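Numbering (my numbering), first residue to last: 2 to 263.
Next up, the structure:
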């Protein structure tokens with residue numbers, strides 16, 4: 002009888018141990034699943050916040066860029082789902098209900114049929130740092146526009162039209178930057194550097210498949226300016242060669258001159 006009791010007790014202990022192990026396994030599995038869900042939540046939340054931050058930065062840069070209201074609408078519409086998703090995931094610090102309502106109100110107030118600003122309203126910023134930010138802003142907008150198109154959120158005709166406007170702004174910014182650098186080089190009498198800047202600008206204009214009035218006119222002006230620089234460079238080179246020959250001649254005259262006898 003005592004033997005049977007010991008066997009029963011041992012069996013109970015084994016069952017308790019197995020139960021505890023099983024409970025531990027279940028708890029561990031549950032915790033791992035919970036941790037995985039939390040990691041996925043954080044990854045997705047980070048993804049949504051990146052969408053918001055990059056798009057808001059692009060919109061901030063766009064304040065200095067003459068873009069269409071339709072493009073602003075596309076960018077604001079890109080932000081809204083990300084805000085809602087982040088808000089549902091518990092990101093209360095950034096994406097509040099008030100911010101979402103404001104974004105929805107902005108979207109309703111935008112007239113997508115409004116004509117885009119004329120290209121002549123383009124004005125290159127003064128400082129080099131601002132110019133870099135300006136061009137970077139255009140590139141970011143083009144990348145975001147392309148991302149929206151790949152997600153089938155834009156019609157082909159809308160994407161092509163908006164991307165074309167941004168492409169032309171980017172061309173103008175690059176060309177005007179090179180022209181400005183060339184003019185500064187001319188002021189410093191650095192004609193070689195000026196020539197390089199103008200040649201790059203002319204190359205950028207010449208690479209355009211469908212030249213319009215701006216491209217044709219600007220290219221002709223730059224080619225004329227480049228011709229003048231080439232003439233000045235030749236004149237300068239001739240003057241330098243003559244000066245060098247004269248200097249060498251004076252050196253030779255001095256070397257072979259008759260020395261006085263004392």
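No residue lacks a Cβ here, since even glycine has one placed at the ideal position from N, Cα and C. Just so we're clear, the structure is a prediction, and the values are computed from it rather than from any experiment.
Counting other Cβ atoms within 10 Å of its Cβ, residue 179 reaches 16 or more and is therefore classed as buried. By the Cβ test, the region 115–127 is not in contact with the region 41–52, since fewer than three Cβ pairs between them sit closer than 8 Å.
Taking C-beta separations shorter than 8 Å and ignoring five residues to either side along the sequence, the partners of residue 220 in its chain run 203, 206, 207 and 212, following chain order.
Per DSSP, residue 208 lies in no alpha helix (DSSP H) segment and is marked neither H nor E. For residue 135, the enclosing alpha helix (DSSP H) starts and ends at 129–151.
Residue state for residue 196 is assigned as helix, using DSSP reduced to three classes. Residue 136 and residue 142 have their C-alpha atoms some 10 Å from each other.
A Cβ-Cβ contact shorter than 8 Å links residue 216 with residue 209. By the criterion of a C-beta distance shorter than 8 Å, residue 192 is surrounded in its chain by 186, 230, 233, 234 and 237, once the five residues flanking it on both sides are discounted. Residue 74: member of the alpha helix (DSSP H) spanning 70–89, first to last residue. Per DSSP, reduced to three states, the secondary structure at residue 114 is coil, with no helix or strand assignment. By the Cβ rule, the region 194–202 counts as touching the region 161–181, because three or more pairs are nearer than 8 Å.
In the three-state DSSP reduction, residue 165 falls in the helix class (H, G or I). The closest CA to that of residue 126, considering only 62, 24, 106 and 51, is found on 62.
Annotation: residue 71 to residue 157 spans about 14 Å, alpha carbon to alpha carbon.
Here residue 84 has 53, 96, 100, 101 and 104 as same chain residues with Cβ atoms under 7 Å from its own Cβ, once five neighbours each way along the sequence are excluded.
Annotated three-state conformation of residue 191 is coil, per DSSP. Residue 91 counts as exposed, since fewer than 16 other C-beta atoms from the protein chains shown sit within 10 angstroms of its C-beta. Residue 60 counts as buried, since no fewer than 16 other beta carbons sit within 10 angstroms of its beta carbon. In this structure, residue 162 sits away from residue 139, with a CB-CB distance that is not shorter than 8 Å. Only buried fits residue 79, as 16 or more other CB atoms lie within 10 angstroms of its CB. DSSP, read as helix, strand or coil, puts residue 226 in helix.
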